[in-house]
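Enquirer: Below are the structure tokens for one structure; questions will follow.
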Amino acid sequence: MAMGTIIKIDPVTGMVMNLTDLKEYMEEAIMKPLDHKNLDLDVPYFADVVSTTENVAVYIWENLQKFLPLGVLYKVKVYETDNNIVVYKGE
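The sequence shown runs 147 to 237 under my numbering.
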């Protein structure tokens with residue numbers, strides 16, 4: 147899984163976002179709910195949504211958006227295999 151952000155660099159900190167904060171957000175929004183889980187049985191979101199790679203990308207987008215400032219998240223990229231990749235931009 148990969149994600150991208152687009153926002154201006156803060157002139158005071160020289161960063162778009164503190165990577166320690168981003169790591170914590172990703173842990174809460176992605177890893178805790180999904181890692182080592184049977185999506186269909188263990189994740190309530192997928193009780194009514196088919197657990198395709200496309201829907202996993204949407205799930206990650208929606209959960210990560212809750213932690214990030216508005217407009218920071220640009221895309222979520224989920225790799226099912228080296229050849230099967232889904233990119234979701236919140237559309």
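For each residue, glycine too, the CB sits at the ideal point set by N, CA and C.
Once the 5 residues before and after residue 196 are set aside, which same chain residues still bring their CB inside 6 angstroms of it?
Expert: Excluding residues within five positions, none has a Cβ falling inside 6 angstroms.
Enquirer: Can you tell me whether residue 219 is helix, strand or coil according to DSSP?
Expert: Three-state result, residue 219: strand.
Enquirer: Only counting runs of 4 or more residues, tell me where the alpha helix (DSSP H) segments fall wholly within the segment 154-182, in order along the chain.
Expert: 165-172, all fully within the segment 154-182.
Enquirer: Verify whether the separation of the beta carbon atoms of residue 180 and residue 206 is less than 9 angstroms.
Expert: Cβ atoms of residue 180 and residue 206: closer than 9 angstroms.
Enquirer: Who are the near neighbours of residue 222 in its chain, counting only those whose CB is closer than 6 angstroms to its CB and skipping five residues on each side?
Expert: Once the five neighbours on either side are set aside, the close Cβ partners of residue 222 are 149, 203, 206, 207, 234.
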